[in-house]
Amino acid sequence: MTGRTIRQNGLKFATARRFEFGYAETEKNMAVKVIIPTPLRVYAAKKDSAEVSAQTVGEALGGLTAQFAELRKHLFTDDGKLRSFVNVYLNDEDIRYMAKEATPVKDGDVVSIVPSIAGGNAAPPNRRAQE
Amino acid sequence: MAQEFQLQIGRELAERIGRHGAETFPHECCGALLGRDSAFEEGTAGSAREVLELFPLVNRRDDSPRNRFAVTAEDVLEAENVARQHGLDVVGWYHSHPDHPARPSQFDREHAWPWYSYIIVSVMSGAPADMASWRLNDDRQDYSPERIEIRDRAAV
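Chains A and B are the protein sequences, given in the same order. First residue of the first sequence? That's 1 in the working numbering, and the numbers climb one at a time after it. First residue of the second sequence? That's 1001 in the working numbering, and the numbers climb one at a time after it.
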């Protein structure tokens, strides 16, 4: 599909241009390495990393779960959001402080999935809630 | 499919987990279990797992440390680095349940990762009591108990 097709459908030129850029960029996917954390390697053929082709961190994670479908439910909630205890770094930067999953990637970048750990006992009794 | 899990740990390490829980009581303690899992070793079948070192951590939950614990991603990376220096992996995590039984709470399950062993030590009135370990099932819906085999070093 091209921008001209979109204009014929009555969409604004800006939309068509954005689509054209998006289309062009898919020609230039970047080779990215994704580091798989130890607890998820059993769902990734015991590999500690995977090579994917992507333009953004989100696409890199999508590429990973396309290769290893069983990873999906451990990384994403049912509505497709990253789980709160799944941390993603682009090289050494937490993507929460960048453009999150829309953060663009370059050739040779490393995307690391790092767990954070949480837990605790059952709901506190009243005497604790009052403290 | 029911799966049998077993975790080996030296008596001295098991007692250190209890002592850590007693030290931080009435707050929860937490730390990493460093060890080996045969699943990642060439030419071995099954998944024998042994804890060979501990990496005690500071509970990052300042707001409700009596019934919650948190380990940040930076702490996890540090624990993994320390494990690598010992030629080990982070095979799980431990934490205490002050004045509560050594059973995973719903909060524990919701925040758990698969594969890791989660040791819980119950600390009753400041003294270490029962210890239990569990793992999250693949479907994330439930957990499986993991039998802890405490070994005396001399017997290994």
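All residues carry an ideal CB built from backbone N, CA and C; glycine is no exception.
Practice prompt. For A/G120, I'd like the list of residues in its chain whose CB is within less than 8 Å of its CB, leaving aside the five on either flank, ordered along the chain.
Written response: For the purposes of this step, residue 120 of chain A is identified with residue 120 of the first sequence, where counting begins at 1. Leaving aside the five residues that flank A/G120 on each side, none in its chain has a CB nearer than 8 Å to its CB.
Item to complete: Report the rounded CA-to-CA distance for B/I1009 versus B/S1038, giving the unit in angstroms.
Response: Residue numbering aside, residue 1009 of chain B sits at position 9 when the second sequence is read from its first letter. Residue numbering aside, residue 1038 of chain B sits at position 38 when the second sequence is read from its first letter. Those two C-alpha atoms are separated by around 15 Å.
Discussion item. What residue range does the alpha helix (DSSP H) around B/G1087 cover?
Written reply: Your numbering for residue 1087 of chain B matches position 87 in the second sequence. No alpha helix (DSSP H) holds B/G1087; DSSP gives it neither H nor E.
Fill in: Cβ-based contacts, 9 Å cut-off: residues of the stretch 91-122 of chain A near chain B
D94, S112, V114, P115, S116, I117, A118, G119, G120, N121 and A122
Practice prompt. Could you give the DSSP three-state label for B/Y1116: helix, strand or coil?
Written response: Numbered from its first residue, the second sequence carries residue 1116 of chain B at position 116. DSSP places B/Y1116 outside both helix and strand once states are collapsed to three, so it counts as coil.
Fill in: Neighbouring residues, chain A, relative to B/S1114 (Cβ below 9 Å)
On the second sequence, residue 1114 of chain B is found 114 positions in, with the first residue counted as 1. Ser is not the amino acid found at residue 1114 of chain B; the sequence shown has Pro there. Under the 9 Å cutoff, chain A gives P39, L40, V42, Y43 and H74.
Discussion item. Check whether the stretch 96-110 of chain A and the stretch 1107-1119 of chain B are in contact - that is, three or more C-beta pairs closer than 8 Å.
Written reply: no
Worksheet item: Which residues, in order along the stretch 74-89 of chain A, keep a beta-carbon less than 7 Å from a beta-carbon of chain B?
Response: Residues of the stretch 74-89 of chain A with a C-beta atom less than 7 Å from some C-beta of chain B are H74, F85 and N87, listed in chain order.
Worksheet item: By Cβ distance below 7 Å, which residues in the same chain neighbour A/K47 in space, the five residues on each side in sequence not counted?
Response: In the first sequence, residue 47 of chain A corresponds to position 47, counting from 1. Hits under 7 Å: I36 and R41.
Worksheet item: Are the CB atoms of B/L1088 and B/R1011 nearer to each other than 8 Å?
Response: Here residue 1088 of chain B refers to the residue found at position 88 of the second sequence. Here residue 1011 of chain B refers to the residue found at position 11 of the second sequence. Going by C-beta atoms, B/L1088 is not nearer than 8 Å to B/R1011.
Worksheet entry | the stretch 1017-1024 of chain B / the stretch 57-77 of chain A touching (three or more Cβ pairs under 8 Å) | Using a Cβ-Cβ distance cut-off of 8 Å, the stretch 1017-1024 of chain B and the stretch 57-77 of chain A are not in contact, since fewer than three pairs of beta carbons, one from each stretch, lie closer than that value.
Practice prompt. Scan the stretch 58-117 of chain A and note each continuous beta strand (DSSP E) run of 3 residues or more that stays entirely inside, going in chain order.
Written response: Here the runs fully enclosed are 86-90 and 110-115.
Practice prompt. Would you mind reading off the limits of the beta strand (DSSP E) that contains B/Q1141?
Written response: For the purposes of this step, residue 1141 of chain B is taken as residue 141 along the second sequence, with counting starting at 1. Per DSSP, B/Q1141 belongs to no beta strand (DSSP E) and is neither H nor E.
Discussion item. With the cut-off set at 8 Å, would you say B/H1100 and B/C1029 are in Cβ contact?
Written reply: By one-based count along the second sequence, residue 1100 of chain B stands at place 100. By one-based count along the second sequence, residue 1029 of chain B stands at place 29. No, they are not a contact pair.
Worksheet item: Between B/F1005 and the ligand ATP, is the CB less than 7 Å from at least one heavy atom?
Response: The ligand content of the structure shown is nil, which means the ligand ATP is not present either.
Discussion item. I need the boundaries of the beta strand (DSSP E) containing B/I1009, first residue and last residue.
Written reply: By 1-based counting over the second sequence, the position of residue 1009 of chain B is 9. Here the beta strand (DSSP E) through B/I1009 covers F1005 to G1010.
Item to complete: Taking only beta-carbon positions, decide if B/A972 is within less than 8 Å of chain A.
Response: No information on residue 972 of chain B is available, as it lies outside the stretch 1001 to 1156 that chain B covers here.
Discussion item. Based on DSSP bridge pairs, tell me the residues matched to B/V1058.
Written reply: Against the second sequence, residue 1058 of chain B aligns to sequence position 58. Note: B/V1058 sits in no beta bridge, so no partner.
Worksheet item: Expressed to the nearest angstrom, what Euclidean distance is found between the alpha-carbon atoms of B/R1061 and A/K33?
Response: Taking the first residue of the second sequence as 1, we reach residue 1061 of chain B at position 61. Taking the first residue of the first sequence as 1, we reach residue 33 of chain A at position 33. About 33 Å.
Worksheet item: DSSP three-state call for B/H1095: helix, strand or coil?
Response: As a working note, residue 1095 of chain B is residue 95 in the second sequence. DSSP places B/H1095 in strand when its eight states are reduced to three.
Fill in: Status (buried if at least 16 other CB within 10 Å, exposed otherwise) for A/G108
Translated into the one-based positions of the first sequence, residue 108 of chain A becomes position 108. The residue is exposed, with fewer than 16 neighbouring Cβ atoms inside 10 Å.
Item to complete: Find the residues of chain A that neighbour B/V1058, judging by a C-beta separation of less than 9 Å, and give them in chain order.
Response: Mapped onto the second sequence, residue 1058 of chain B falls at position 58. In chain order: nothing, as chain A lies at least about 13 Å away.
Worksheet item: Just the Cα atoms here: how many angstroms apart are B/D1142 and A/P39?
Response: Sequence index remark: in the second sequence, residue 1142 of chain B carries index 142 (1-based). Sequence index remark: in the first sequence, residue 39 of chain A carries index 39 (1-based). If you take the alpha carbons of B/D1142 and A/P39, they lie about 16 Å apart.
Worksheet item: Under a three-way DSSP split, which group does B/G1018 fall into?
Response: By 1-based counting over the second sequence, the position of residue 1018 of chain B is 18. Residue state, collapsed to three classes: helix.
Discussion item. To the nearest angstrom, how far is the alpha carbon of A/D94 from that of B/E1146?
Written reply: For the purposes of this step, residue 94 of chain A is taken as the residue at position 94 of the first sequence. For the purposes of this step, residue 1146 of chain B is taken as the residue at position 146 of the second sequence. Answer to the nearest angstrom: the Cα atoms are 34 Å apart.
Worksheet item: Is it buried or exposed for B/G1126, if we count other Cβ within 10 angstroms and need 16 for buried?
Response: Taking the first residue of the second sequence as position 1, residue 1126 of chain B is located at position 126. It counts as exposed.
Worksheet item: Between B/N1067 and the rest of its own chain, which residues show a CB-CB distance below 6 Å, the 5 nearest in sequence each way excluded?
Response: Along the second sequence, read from residue 1 onward, the residue named residue 1067 of chain B stands at position 67. Contacts found: none.
Worksheet entry | Contact check, B/L1007 vs B/S1105, beta carbons under 8 Å | Against the second sequence, residue 1007 of chain B aligns to sequence position 7. Against the second sequence, residue 1105 of chain B aligns to sequence position 105. No, these two residues do not count as a Cβ contact at 8 Å.
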